[in-house]
Amino acid sequence: MLWVIPFLSCISYSSGIARPREDFPPYRSCGTDILISDPPADYEINELHDLKDMGYSTTYHHIIFPADTLEKEEIRRFTSKLSKYIVKDVLPEVSEVSDDKFRSMSYLEYYQATKRLYPTYLPNRSSPTAIENILVPSPYRKQLFMNLRTYIQNKDEYSNYLHVYVFDARKKRILYYDFLRYTCDIRDSVSFSLFMNYSLNKLKTTVSDR
Numbered sequence: 001m002l003w004v005i006p007f008l009s010c011i012s013y014s015s016g017i018a019r020p021r022e023d024f025p026p027y028r029s030c031g032t033d034i035l036i037s038d039p040p041a042d043y044e045i046n047e048l049h050d051l052k053d054m055g056y057s058t059t060y061h062h063i064i065f066p067a068d069t070l071e072k073e074e075i076r077r078f079t080s081k082l083s084k085y086i087v088k089d090v091l092p093e094v095s096e097v098s099d100d101k102f103r104s105m106s107y108l109e110y111y112q113a114t115k116r117l118y119p120t121y122l123p124n125r126s127s128p129t130a131i132e133n134i135l136v137p138s139p140y141r142k143q144l145f146m147n148l149r150t151y152i153q154n155k156d157e158y159s160n161y162l163h164v165y166v167f168d169a170r171k172k173r174i175l176y177y178d179f180l181r182y183t184c185d186i187r188d189s190v191s192f193s194l195f196m197n198y199s200l201n202k203l204k205t206t207v208s209d210r
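End of the sequence shown sits at 210 in full-length UniProt numbering; the numbers just go up one at a time, nothing left out.
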C-alpha cells in the first residue's frame, strides 16, 4: 500500500485555481499521528457473510466549504483515485466497476438521490429507490460504495466523515453499514490512507469473523 502514497501525494492542489470564494486552510500534515473515531455500533449493519461476487463503485466525496469549485473537484479526484488503490490493496477479491455515473452527478442530484438512504432516513433501513439511485450497473450481486463528507470549520478544522455501504444489488437492501470519522487535512495522503485502510480492514475482519 505504501508505494501508492509518494505517487499520489505529489498532486498539486494549486493548479487551475481562479478566484476562490474562500481559500482552503494552509496545508497541514497529520502523517501517521491520527485519531480515528469509531462510534458505538448502534446504527451499524452487518448481514454480510463474504466478499464474493462484489464490485466497488466509488468513494463519493462531498466537501462542505465555500471554496472554488475547481479546487474542490481536484481534491475529490484525488480522494477517489487513492480510494481505488486502497480498496484494491485491502480487498483484492473486490472488483472495480465504472464510476462514470458519479462523475457527472452534482451535489444536489446526489442529495436528491440519497435523502432516503440509511441512516439519514431512519424509519426504515433505506428506501429501495435510494439504493437503486446509488447502484452502478454491473454483473456483481454485491456492491461496495463509500460516501465521504468533509467539513471545514473555524478556518482550519477538518472533520471527515465516512459512510461505508455494501448493497445487495438484486434485493436493493443494505448488507453492511459503518460510520467513522477523523480530523486531519483531507489533502494529507498518508493520514487519508491510514483512515481508509482502517475502515476497509474493519469490513474485512468483520466478515471473516462471522
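Don't be surprised by glycine CBs; every beta carbon is placed ideally from N, CA and C.
Annotation: V166 to N46 spans about 9 Å, alpha carbon to alpha carbon. Counting the other CB atoms within 10 Å of its CB gives L203 a total of 16 or more, which places it among the buried residues.
Apart from sequence neighbours up to five positions away, the residues of its chain that approach T59 with a beta-carbon distance below 7 Å are T79, S80, S83, M146, L148, ordered along the chain. When the Cα atoms are used, E132 and F179 turn out to be separated by approximately 21 Å. By the criterion of a C-beta distance shorter than 6 Å, A113 is surrounded in its chain by N133, once the five residues flanking it on both sides are discounted. Two segments are said to touch when three or more pairs of C-beta atoms, one from each, lie closer than 8 Å; by this definition the region 179-193 touches the region 19-38. For R103, the enclosing alpha helix (DSSP H) starts and ends at 100-103. Rounded to the nearest angstrom, the Cβ distance from K142 to L175 is 6 Å, consistent with a contact under 8 Å.
Rounded to the nearest whole angstrom, the CA to CA distance from P119 to E71 is 29 Å. In this structure, S191 places its C-beta atom within 8 Å of the C-beta atom of I34. The region 48-122 contains, as complete alpha helix (DSSP H) runs of 4+ residues, the segments 69-90, 100-103, 107-114 (chain order). Counting the other CB atoms within 10 Å of its CB gives L108 a total below 16, which places it among the exposed residues. As DSSP reads the structure, T129 sits in no beta bridge. Around the beta-carbon of H49, fewer than 16 other beta-carbon atoms lie within 10 Å, marking it exposed. When C-alpha distances from N154 are compared across V164, A130, T183, the shortest belongs to T183. For K202, the enclosing alpha helix (DSSP H) starts and ends at 189-208. Secondary structure at D168: strand, using DSSP grouped into helix, strand and coil.
Residue D168 holds the alpha-carbon nearest to the alpha-carbon of G55 among V207, S159, Y151, D168.
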